[in-house]
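Visitor: Provided herewith is a single structure, encoded as structure tokens, for subsequent inquiry.
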Amino acid sequence: MAWASGTTLGEFLEDNLRNSAALGRLADALAKLAAYLQKEGIAHGDLQSGNLMVSRDGSSVQLIDYDGMFVDEIKDLGSAELGHVNFQHPQRKSLNPFDASLDRFSLIALSLSIRALQLDASLWSKTNSEADAILFRTNDFLDPAGSSAFALVARNTSLATHVKNFAAVCKSPMARAPELADFLAGRNIPTIPIVIAPPRPTAGQISVAARPGYVGAYPVLSATDYAACLRAVGDKVEVIGRIVEVKLDKTRGGKPYIFVNFGPWQGSIFKVSIWSDGLAHVKSKPDASWVGKWVSVVGLMEPPFVNKKFRYSHLSITVGAAGTMTPITEQEAQWRLAGAGRAAGAFTAATTSNQQTLDKIKGVSGPAPSPAGPRASSPAPSSNAQVLQKIRASSGPSVPTPPPVSPGRHTYQPPSQQPGVVERLFKWLFG
């Protein structure tokens, strides 16, 4: 399988916020991808900023992580995942559909966000955007009429109609989400009266109690709750906290690093580690001026480092890419922390494992899967190559791999006869 080239969409946006031409090319490339998916009758199932690789200065996008993809031949197997909550329709989790329309809502949300940033880069900071949330979050989808993000984007007169239409899509049944091309043309928009409220006053004038509860993509933890952080070792989480200390130093090998501590280092604390290889990805590097600031950190909670001599134990998340640590206001922090400890809204356990999917394809019966419940972190992605190898091993000789082609620029040639599920899966995954 050819390596995906470029950077993730989230990283590309952060690097090109002021590059209107690049964002325009990206929006066009996304529209081409949407047309391709619609034409082929397939869906990725988890379109989000981390599953789209951008290259060629924004003119090419490539999908990665195909665990939840839909093709017609496996429609009876059911959905394997629910996608990232900040890019999904509010009904995705409850309905858990599995058809070719899965990506429509995500494509609309991404397209509108990119076009809005192309016109006003300041929206990124105004909406507390980060790699896992591009202008909008699931809270905005649940209540678009009262959403500050919807109101801020709607201020641009050239986008006002699109914003109102997107709000209607959010409040209508998921099945009524139009194709991206129709949405951009104003066709097949659900008819529902929605009035976007003006942007809220400054953050200091809004009480936490007055806002709907925060729905995070990952479990939310307080940086000062060492016990809760310890229980989350091995999970991807969002940690919110106020910085107490920032240490800039070098390793014995002379490589620079930064520790961002959320408590006195002589104790049991949570910290953020930024090693030399990660410093290149952090545009705004923490220093002493960051002490007292509130931040949100998303990443994998690592096992504690214990030093018996100095009697300290440090849990940490390593920041290695742009967007994993984001400064936020104190009120934003308190709002997110109000729901700390609740299960994340983004990911649930797959209703069907890859092995169960393979068994069904091969005709092997097995016990019915039990209903999936909320899960603290996203399932680890499986190797698509390994899955396809197992399928081909049970189905006959392997199929030659065609040259890899970017899905957004693929030209479909009708085959002489209808391919089977193995050939369709192989063709989609590998070119």
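No gaps in the numbering here: position 260 of the sequence shown is 253 in the working numbering, and each next residue is one more. Note that CB positions come from ideal geometry on N, CA and C, so glycine has one too. Treat the numbers as computed from the prediction; the structure is a model and nothing was measured.
1. Here's the rule: buried if 16 or more other CB atoms are within 10 angstroms of the residue's CB, otherwise exposed. What is L241?
2. Compare the beta carbon distance of T317 and V290 with 9 Å and say whether it is the shorter of the two.
3. Go through the stretch 222 to 286 residue by residue and report every complete run of the alpha helix (DSSP H) that reaches 4 residues or more, in order.
4. Per DSSP, Y305 is paired with what?
5. Does I185 pass the burial test, meaning 16 or more other C-beta atoms within 10 Å, or should it be called exposed?
6. Below 8 Å on the Cβ atoms is my guess for P192 versus L145; work out the distance and round it to an integer in Å.
7. Excluding the five sequence neighbours on either side, which residues of its own chain have a C-beta within less than 8 Å of the C-beta of W149, listed in chain order?
8. Per DSSP, A36 is paired with what?
9. Locate the beta strand (DSSP E) running through I321, then write down its first and last residues.
10. Does the contact criterion of 3 or more C-beta pairs under 8 Å hold for the stretch 154 to 161 versus the stretch 113 to 122?
11. Could you round the C-beta distance between F263 and Y219 to whole angstroms and report it? I think they count as a contact, below 8 Å.
12. Give the secondary structure of S289 by DSSP, where H, G and I count as helix, E and B as strand, and everything else as coil.
13. DSSP three-state label for A126, please.
14. Between D39 and E74, how many whole angstroms is the CB-CB distance? I'm expecting something under 8 Å.
15. Using three-state DSSP, classify E7 as helix, strand or coil.
16. Please name the residue or residues paired with S53 in a DSSP beta bridge.
17. Based on the DSSP output, what are the partners of V295 in its beta bridges?
18. Check each candidate in A147, H82, P297 and name the one with the smallest Cα separation from G227.
19. At the level of alpha carbons, what is the spacing between V188 and F252?
20. Quick check on DSSP: helix, strand or coil for F340?
21. Could you pull out every residue in the same chain whose Cβ sits closer than 7 Å to the Cβ of G17, ignoring the five residues on either side in sequence?
22. With 16 as the cutoff for other CB atoms within 10 Å, does P83 come out buried or exposed?
23. In three-state DSSP terms, what is T154?
24. To the nearest angstrom, how far is the alpha carbon of R11 from that of W258?
25. With 16 other CB atoms within 10 Å as the buried threshold, where does N300 fall?
26. Quick check on the burial criterion: 16 or more other C-beta atoms within 10 angstroms. Buried or exposed for P249?
27. What's the gap between the Cα of G34 and the Cα of A168?
28. Could you spell out where the alpha helix (DSSP H) holding S87 opens and where it closes?
29. Need the endpoints of the beta strand (DSSP E) that L214 sits in, please.
30. Could you check the C-alpha separation between S87 and T131 for me, to the nearest Å?
31. Is it buried or exposed for F63, if we count other Cβ within 10 angstroms and need 16 for buried?
32. Alpha carbon to alpha carbon, what distance is there between S269 and D133?
33. Whose CA, out of W287, I233, V265, lies closest to the CA of L330?
34. Rounded to whole angstroms, what's the CA-CA distance from A473 to P183? Just pull it up for me.
35. List the residues that DSSP assigns as beta-bridge partners of N1.
36. Exposed or buried, G179, counting other C-beta atoms within 10 Å across all chains shown (16 or more means buried)?
Guide: With the structure as the only source:
1. In the assembly as shown, L241 is an exposed residue. Its beta-carbon has fewer than 16 other beta-carbons within 10 Å.
2. Less than 9 Å separates the beta-carbon of T317 from that of V290.
3. If we require 4 residues or more, the alpha helix (DSSP H) runs fully inside the stretch 222 to 286 come out as 269 to 272.
4. N300
5. The residue is exposed, with fewer than 16 neighbouring Cβ atoms inside 10 Å.
6. The Cβ separation is near 6 Å, so the contact holds.
7. Strictly speaking, residue 149 in this sequence is Asn, with Trp absent from that position. For N149, where only same-chain residues beyond five positions count, the Cβ hits under 8 Å are A109, L112, D113.
8. F63
9. Residue range 318 to 321 is occupied by the beta strand (DSSP E) that includes I321.
10. no
11. Rounded to the nearest angstrom, the Cβ distance from F263 to Y219 is 6 Å, consistent with a contact under 8 Å.
12. Strand, per DSSP.
13. Correct three-state label for A126: strand.
14. Yes, they are in contact, since the Cβ atoms of D39 and E74 sit about 6 Å apart, within 8 Å.
15. Under the three-state reduction of DSSP, E7 is assigned to helix.
16. S48
17. Rather than Val, the amino acid found at residue 295 in this sequence is Glu. Paired residues: S309.
18. P297
19. 46 Å
20. Because F340 carries a pLDDT of 40, less than 50, the predicted location of this residue cannot be relied on, and the following value inherits that uncertainty. Look at F340 here: in three-state DSSP terms it is coil, with no helix or strand label.
21. Q111
22. buried
23. helix
24. 38 Å
25. Label assigned to N300: exposed.
26. exposed
27. For G34 and A168, the distance between alpha carbons rounds to 15 Å.
28. S87 -> alpha helix (DSSP H) spans 85 to 88.
29. 213 to 215
30. 14 Å
31. buried
32. 36 Å
33. Distance from the Cα of L330 is smallest, within the candidate group W287, I233, V265, for I233.
34. In the structure as shown, the chain starts at -6 and stops at 424, and residue 473 therefore has no counterpart that could be examined.
35. Here residue 1 is Thr; the residue named in the question, Asn, does not match the sequence. Answer by DSSP bridge pairing, in chain order: M46.
36. exposed
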